[in-house]
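The opening residue of the sequence shown carries number 0 in numbering that gives the first Met the number 0; numbering runs sequentially from there. Using N, Cα and C, we set each Cβ at its ideal position, and we do this for glycine too.
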Amino acid sequence: MPSPPRALLDANVFYSNHLRNLFLQLAQNDLFDAKWSAMIEDEWLRNMEPRTRERIESRTLPLIRTWFSDALVGGFDPAREVGATDAKDRHVTSAAAAIAPCVLVTENLRHFDAKALESLG
């Protein structure tokens with residue numbers, strides 16, 4: 000059986016409990032191999048209300064890290080420029096390029112240079 004495709008999940012996928020749970024359940028069912036970086040986790044948590052962030056850090060994140068222990072992408076240059084991608088999202092494109100070929104899952108399509116990403120796989 001072939002390996003499922005890799006998908007890099009952007010921080011905005013994690014904000015909504017429902018969306019996060021949906022994508023993680025799909026990954027748990029081997030529809031794709033969910034990946035993200037520590038910087039993506041930091042961006043997700045940094046943008047949460049403090050009480051919610053504390054709950055996620057103490058309860059949700061440990062569970063996610065247990066079930067997806069190989070999800071974190073490392074060893075990439077977060078400042079790498081990929082086409083005309085927004086500077087604040089360079090870390091996302093660089094992480095995606097590090098695990099290419101993959102799919103980038105985001106709600107912020109306008110921040111990314113799709114042609115540049117396509118050329119990287």
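For a test of the three-state rule: what should DSSP assign to residue i, helix, strand or coil?
i   : result
R79 : coil
When the Cα atoms are used, what is the spatial distance from residue i to residue j?
i    : j    : result
A77  : D9   : Before going further, note that residue 77 is Pro rather than Ala in the sequence given. Going from the Cα of P77 to the Cα of D9 covers about 14 Å.
S93  : S15  : 24 Å
S36  : M47  : 17 Å
A26  : G74  : 23 Å
R79  : A86  : 9 Å
T51  : L60  : 12 Å
L21  : L108 : 20 Å
T105 : V12  : 6 Å
Quick check on the DSSP output: the beta strand (DSSP E) that includes residue i runs from which residue to which?
i    : result
A6   : 5-8
L103 : 102-104
I'd like the span of the alpha helix (DSSP H) that includes residue i, first residue to last.
i    : result
L116 : 113-119
H110 : Careful: H110 lies outside any alpha helix (DSSP H) and carries neither H nor E.
S93  : 89-97
I63  : 60-66
So residue i and residue j are in contact, right, with Cβ under 8 Å, and what is the actual spacing, rounded?
i   : j    : result
V81 : L116 : 6 Å
For the segment 24-50, which segments carrying the alpha helix (DSSP H) assignment without a break, of at least 4 residues, lie completely within its bounds, in sequence order?
37-45
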